[in-house]
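The structure appears right after this line, and notes come after that.
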Amino acid sequence: MAPSPTGSMHIGNLYGAVSDERIAHTSGGTFILRIEDTDDKRKVEGGVEKIIKYFSRFGLEFDEGATAEGDNGKYGPYRQRQRAKFYHIIARKLVLDGRAYPCFCSEEDLKLAHEKQESEKENFGYYGKWAIHRDMDIDEAIEKIKNGESFVLRFRSLGNPEKKIDFKDGIKGNLSFPENNQDFVLLKSDGIPTYHFAHVVDDHFMRVTDVVRGEEWLSTLPWHVELWSACGFKRPRFSHTAQVLKFDEETGAKRKMSKRKDPESTLEFYFEKGYPANSVLEYLMTLLNSNFEQWRSANPMASYKEFDFKTSKMGSSGALFDLAKFNDVSKNVIAKMSAEEVLEGVLAWSKEYDNEFYTLLSKDKEYAKAFFSIGRGGKKPRKDFACWSEVKDFVSYFYNELFSVNEEEYPEKISADERKKILAEYINVYSAEDDQNGWFEKVKALSESFGYTTDMKAYKQNPESFKGSVTDVSTVIRVAITGRQNSPDLFAICSLLGYDTVIERLKNA
RNA sequence: GGCCCGUUGGUCAAGCGGUCAAGACACCGGCCUCUCACGCCGGUAACGGGAGUUCGAUUCUCCCACGGGUCACCA
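When you line the first sequence up against our numbering, it's residues 262 to 770, in that order.
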């Protein structure tokens, strides 16, 4: 993994990191972190620490490379700014081999050339007759350098674009493209390498065997192919991943995820909403390997790390990020957690994002664990929430501090007057001693006494011929106690709330 | 504009010359002795267009269209 320390982390970075990590660790390899800080303009203070911290939150630990404290590994340094001597040694070799030369063009010169190329409908770039310093007299060049003229070091391409080269990519399969003829920049005027040069030198000296990077690098692959061979290095395997895309509501087309338009593109989004790290990983795995979902349904409890990850199973076209699907994945992840794990997750999240909720939860953790246990753990666990920020709303009625009833929640067909009578009567019969069955028998009896049927089959077949059903009565009770029409098992809720609270809420209703 | 990559239901996708073209999400019905959720059963819905190769093309070739990427002293 070789990010720039820009301080912002994108879902695409994580997508790449997960595939890097899986490929490394399923093949007995080493997962390396190298910091690509060759561009000063993009560097942000603390960016490296942030990258490491974020990856760690997703369980991605590097075997080797840059760490917050320094370097870990024998092929360092792992920050490109500290590796100048490596680049300069290879640059010297290329110059001596006649494969690199100084170029004195200013930005202005290059811009002019570009405009000319445009008007003459020629290909852009520095090549052929446009490479004006390529065949400059060596003494003249030395003289200019001695005079302190600014220059960059360019690659001397020997490629012929008439010729095609075949290339085997780990994800895209067989590719074919023209040979490179661009004399691209190796060292910038400040002596710092460009990505193209740095990656070749670093990957060689760091003994990298597999490069996994985004498909935006495909177009410069011919450059890299020629450069690898000019350096005399053995090329690693390359795999170019498809991009994570997003459906644009405005234009109705797929496009790259954008930091500005798509909140879900930044990792902070997942932290703020409180999605478990595993949910994100799980979803990325479904995007990454098409057979992951199948494997998952056969191995519901296994760690995703047990899955046999294959680059050949990675999609070669960009995948849309689907929030609805992601939420479903996350619900499944949470549904498999124990009440304790759920509490832990909500606690950690609320501590940072919802202090009121955090205080309530930590006041009595056993109580919280108990209500998180409702409908959890069995064969058919509830799937109520996709992230921790949704939890509060689901469990608010367990706390008097959060509990409130909106009149509109009560069923319309029952008048306020009738409702009060029903609830008053229910107070008389409600007992903390009842078990699940006894509890429901009382609700049924109550319904019958007010003329509501308990024969649901008959009611469904012919609802008009009844005043209402036991559903209506239990909804009245449910709203009075939970403030909402939908909830998990009401008996379990009442048991947890305790007799006094239940009666109090019924009285206040 | 050049070059490269891609195009199967609303979305993610399997498929790798002969399939009634999987599966998942979403959606719509139905069932599950209170709601919701879960689960189960069922349903709607797809090979961008045109040539060619072939007994036979979603699968192979070519052309076109569309989408994406790239053409920096950014990565």
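Glycine included, C-beta positions come from ideal geometry on N, C-alpha and C. Remember, predicted model here, so these are calculated numbers, not experimental data.
Cβ neighbour criterion (16 or more within 10 Å) applied to residue i
i, result
"Tyr-760", "exposed"
"Arg-340", "buried"
"Ser-380", "exposed"
"Arg-468", "exposed"
"Glu-487", "buried"
"Asp-451", "exposed"
"Asp-398", "exposed"
"Gly-696", "Before going further, note that residue 696 is Asp rather than Gly in the sequence given. Burial call: exposed."
"Lys-495", "exposed"
"Pro-537", "buried"
"Leu-357", "exposed"
"Ala-677", "exposed"
"Lys-592", "buried"
"Ser-411", "exposed"
"Ser-635", "Reading off the sequence shown, one finds Ile at residue 635, where the question assumed Ser. So Ile-635 counts as buried."
"Val-737", "buried"
"Ala-278", "buried"
"Asp-733", "buried"
"Leu-545", "buried"
"Asn-698", "exposed"
"Gly-535", "buried"
Nearest-angstrom Cα separation, counted from residue j out to residue i
i, j, result
"Leu-447", "Gly-326", "24 Å"
"Val-740", "Lys-612", "30 Å"
"Leu-621", "Ile-764", "22 Å"
"Ser-657", "Ser-756", "16 Å"
"Phe-788", "Trp-478", "Within the shown structure, residues of the chain are numbered from 262 to 770, placing residue 788 beyond reach of any answer."
"Lys-705", "Tyr-687", "11 Å"
"Leu-275", "Arg-474", "12 Å"
"Lys-682", "Ile-675", "11 Å"
"Trp-649", "Val-607", "5 Å"
"Glu-669", "Glu-709", "25 Å"
"Ser-367", "Glu-423", "30 Å"
"Arg-360", "Ala-392", "14 Å"
"Asp-654", "Lys-703", "29 Å"
"Ser-418", "Met-262", "28 Å"
"Ile-313", "Thr-328", "7 Å"
"Trp-700", "Ser-564", "41 Å"
"His-394", "His-271", "40 Å"
"Gly-308", "Asn-616", "28 Å"
"Glu-354", "Arg-295", "For clarity, residue 354 is Lys in the given sequence; the question names Glu instead. Using only the alpha carbons, I get a separation of about 24 Å."
"Lys-586", "Ala-374", "49 Å"
"Pro-724", "Asp-716", "11 Å"
"Lys-721", "Leu-584", "36 Å"
"Thr-714", "Ser-735", "12 Å"
"Asn-552", "Val-590", "15 Å"
"Asn-560", "Glu-602", "20 Å"
"Ile-754", "Phe-633", "11 Å"
"Ser-490", "Asn-384", "24 Å"
"Lys-304", "Tyr-660", "47 Å"
Rounded Cβ spacing between residue i and residue j (contact assumed at less than 8 Å)
i, j, result
"Thr-663", "Phe-319", "In the sequence as displayed, the identity of residue 663 is Leu instead of Thr. Not a contact, Cβ separation roughly 31 Å."
"Val-413", "Cys-364", "5 Å"
"Val-472", "Pro-497", "5 Å"
"Lys-566", "Asn-550", "About 13 Å separates the two Cβ atoms, so there is no contact after all."
"Ala-600", "Arg-557", "So it is not a contact: roughly 23 Å between Cβ atoms."
"Ala-580", "Leu-604", "Their Cβ separation, rounded to whole angstroms, is 34 Å, which puts Ala-580 and Leu-604 out of contact at 8 Å."
"Gly-337", "Gln-504", "The pair is not a contact, with the Cβ atoms about 31 Å apart (cut-off 8 Å)."
"Thr-291", "Asp-324", "5 Å"
"Tyr-671", "Arg-680", "6 Å"
"Leu-684", "Leu-758", "Not really, about 15 Å apart at Cβ, beyond 8 Å."
"Asn-667", "Gly-744", "7 Å"
Check: residue i C-beta below 6 Å from any heavy atom of the ligand HEM
i, result
"Pro-483", "Among the ligands in the structure shown, none appear at all, so the ligand HEM cannot be discussed."
### Given 8 Å, three or more beta-carbon pairs between the stretch 295–313 and the stretch 265–277
yes
### Message
Counting beta carbon pairs with one atom in the stretch 429–441 and one in the stretch 471–485, are three or more of them shorter than 8 Å?
### Response
yes
### Message
I'd like to know if the stretch 277–288 and the stretch 550–570 are in contact, where contact means that at least 3 CB-CB pairs between them fall below 8 Å.
### Response
yes
### Query
Should the stretch 433–444 be called in touch with the stretch 376–393, which here means at least 3 C-beta pairs below 8 Å?
yes
### Message
Count Cβ pairs between the stretch 453–473 and the stretch 525–538 that sit closer than 8 Å; are there 3 or more?
### Response
no
### Task
Tell me, please, whether the stretch 347–366 touches the stretch 306–320 by the rule of three or more beta-carbon pairs shorter than 8 Å.
no
### Runs of alpha helix (DSSP H) lying entirely within the stretch 621–651, each at least 4 residues, in chain order
626–634
### Query
Contact between the stretch 636–645 and the stretch 588–607: three or more CB pairs below 8 Å?
yes
### Task
Just list the alpha helix (DSSP H) runs in the stretch 368–442, keeping only unbroken ones of 4 residues or longer that don't cross its boundaries, in chain order.
368–380 and 399–407
### Query
Which ranges does the alpha helix (DSSP H) cover as unbroken runs of at least 4 residues, wholly within the stretch 539–622, from first to last along the chain?
553–559, 584–596 and 600–614
### Task
Tell me the start and end of each unbroken beta strand (DSSP E) in the stretch 652–733 that is at least 3 residues and wholly inside, in chain order.
none
### In chain order, each beta strand (DSSP E) run of at least 3 residues that lies wholly inside the stretch 312–340
325–327
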